[in-house]
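Here the structure is laid out as structure tokens; the discussion comes afterwards.
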Amino acid sequence: MAERTTGRAPVAQGFALLVGVVFLALGIGGFATSGELLGFHTGTLLNLTRTAVGLLALVAAWKGPSARIIGLVVFFGLLGITVWGLLSAGTGNPADVRRLFDPTWADNALHGVVAVLGLVVFLMPARSRTTERV
């Protein structure tokens with residue numbers, strides 16, 4: 013009798029769902045306002061990025077393995093945005109690095125925390141359920 017093992021990742025799926033909802037709300041809400049939304053900077057590229065991350069995370073929330081992979085994708089993507097944002101917010105002449113988009117300290121904190129959580133979710137072991145075939 014063969015056994016089948018299926019991977020389950022409820023924490024990863026919950027993370028993907030939460031990231032998807034929050035980033036989709038910030039992305040779409042950013043298009044409806046100008047300047048700031050709940051303390052976060054809004055700009056066309058930031059809104060597009062947040063909307064894309066939100067949609068990808070919502071799609072990935074359907075399956076456990078996809079939800080774990082989105083944790084890694086979110087880590088690298090938001091880590092890059094965080095580094096860019098730190099350079100943008102921390103330089104003496106911010107016009108040098110703010111040509112594409114302009115994240116603020118609140119944006120940097122959000123992106124940095126979610127990036128670290130994405131790595132943690134990716135590295136967490138997935139629970140497996142073994143079913144015996146009859």
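Numbering of the sequence shown is given in this note's numbering, commencing with residue 13 and proceeding in unit increments.
We put the beta carbon where it would ideally sit given N, CA and C, even for glycine.
Predicted model, so just to flag it, every value in this text is computed and none were measured.
Taking 6 Å as the limit between beta carbons, can you name the residues of its chain near residue i, skipping five residues before and five after?
i      : result
Ile82  : Ala28, Ala69, Ala72
Val130 : In the sequence under discussion, the amino acid at residue 130 is Gly, which differs from the Val named in the question. Only Gly83, Val86, Phe87 meet the Cβ criterion.
Gly92  : none
Using a Cβ-Cβ cut-off of 8 Å (strictly less than) and excluding sequence neighbours within five positions of residue i, which residues of its own chain qualify?
i      : result
Ser46  : Thr54
Asn120 : Thr94, Gly97, Leu98, Ala101
Val23  : Val133, Met136
Roughly how many angstroms lie between the CA atoms of residue i and residue j, to the nearest whole one?
i      : j      : result
Ile40  : Gly97  : 20 Å
Ala37  : Leu60  : 12 Å
Val125 : Met136 : 17 Å
Gln25  : Gly32  : 10 Å
Phe87  : Leu49  : 23 Å
Leu30  : Ala127 : 13 Å
Thr56  : Thr116 : 14 Å
Trp74  : Ala44  : 28 Å
From which residue to which residue does the alpha helix (DSSP H) around residue i run?
i      : result
Pro22  : 22-44
Thr61  : 56-72
Asp119 : 117-135
Quick check: residue i and residue j, are their CB atoms within less than 7 Å of each other?
i     : j      : result
Leu90 : His123 : yes
Gly42 : Ala118 : no
Once the 5 residues before and after residue i are set aside, which same chain residues still bring their CB inside 7 Å of it?
i     : result
Phe35 : Arg62, Val65, Gly66, Ala69
Ser78 : Ala72
Can you name the residues that DSSP bridges to residue i?
i     : result
Phe52 : Leu49
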